[in-house]
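*Asks:* I am attaching a structure below and will ask some questions about it afterwards.
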Amino acid sequence: LCLNHLLNKMTRFDMQTLLPALLHVEDRTSMAVSLESRVPLLDRRIVELVASMPPMVKYEGGRSKHIFRQVVRHIVPHDIYNRTDKMGFPVPLNEWFTGPLKDFIRDILLSKDAKERGIFERKGLSKLFEPEHPYGRALWGALNLELWFQTFIDRGQHAQEKVLK
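Residue numbers in the sequence shown follow the numbering used here, run continuously in steps of one, and reach 196 at the last position.
Here it is, written out as structure tokens:
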């Protein structure tokens, strides 16, 4: 009973705190590129049904999403169905950073605006583009942060400047 109570409290916290934040990010990200996004498993009826189930049914065998796994077990390939590690969509970072997007990415990260922002040390950032450096998450993170600033901060400042003029 104590474990059930704890799992219910954790689920309630996730639904009231974490989920709205994740949905806000999902909405802002998709709308930034004019993409209409759907979250089909968050249909009200599905959420209410699952919320009414006891935790031990949802976490049978110590694995989350037990019922969902049972529903998709004949649809999803066996090796995916039995995965225990979570994996998003792999991104071909090395191909992007060494291929035709390399100059585009370099221009963004070494731009005047990025330099003035002062978030990244320019010398260290330049090293990430050197062939002997293993391209990867550091460069990807820097690129996404800079693009986020351009999309949500810079664009807002430019709009505000127009209003003030």
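Just so you know, even glycine gets a beta-carbon here, dropped at the ideal spot from N, CA and C.
A quick note: this is a predicted structure, and the numbers were derived from the prediction, not measured.
#1: Taking only the alpha-carbon atoms, compute the straight-line gap between N175 and D45 and give it to the nearest angstrom.
#2: Let me know if I111 comes out buried or exposed under the rule of 16 or more other beta-carbons within 10 Å of its beta-carbon.
#3: So L132 packs on Y90, CB below 8 Å; how close in whole Å?
#4: Restricting to Cα atoms, I'd like to know which of K96, S65, K154 and K117 is closest to V78.
#5: Any idea if A63 is buried or exposed, counting beta-carbon neighbours within 10 angstroms, 16 or more meaning buried?
#6: Given that a residue counts as buried once 16 or more other Cβ atoms are within 10 Å of its Cβ, and exposed if not, what is E177?
#7: Would you mind reading off the limits of the alpha helix (DSSP H) that contains N175?
#8: Between D185 and D144, which are expected to be in contact by the criterion C-beta below 8 Å, what is the C-beta distance as a whole number of angstroms?
#9: So, helix, strand or coil for T115, using DSSP?
#10: Between the beta-carbon of L140 and the beta-carbon of L156, is there less than 8 Å?
#11: Am I right that K146 and R153 are in contact with their C-beta atoms under 8 Å? What's the rounded C-beta distance?
#12: Specify, as a first and last residue, the run of the alpha helix (DSSP H) that S95 falls within.
#13: For V88, I'd like the list of residues in its chain whose CB is within less than 8 Å of its CB, leaving aside the five on either flank, ordered along the chain.
#14: Out of curiosity, what's the CA-to-CA distance linking R59 and R69?
#15: Using the C-alpha atoms, what's the distance from P71 back to W127?
*Replies:* To lay it out plainly:
#1: 26 Å
#2: exposed
#3: That belief does not hold up - the Cβ atoms of L132 and Y90 are roughly 42 Å apart, past 8 Å.
#4: K96
#5: exposed
#6: buried
#7: R168 to W179
#8: 7 Å
#9: In this structure, DSSP gives T115 a state outside helix and strand, which the three-state scheme calls coil.
#10: yes
#11: 6 Å
#12: No alpha helix (DSSP H) contains S95, which DSSP labels as neither H nor E.
#13: H97 and I98
#14: Cα to Cα, R59 sits roughly 13 Å from R69.
#15: 31 Å
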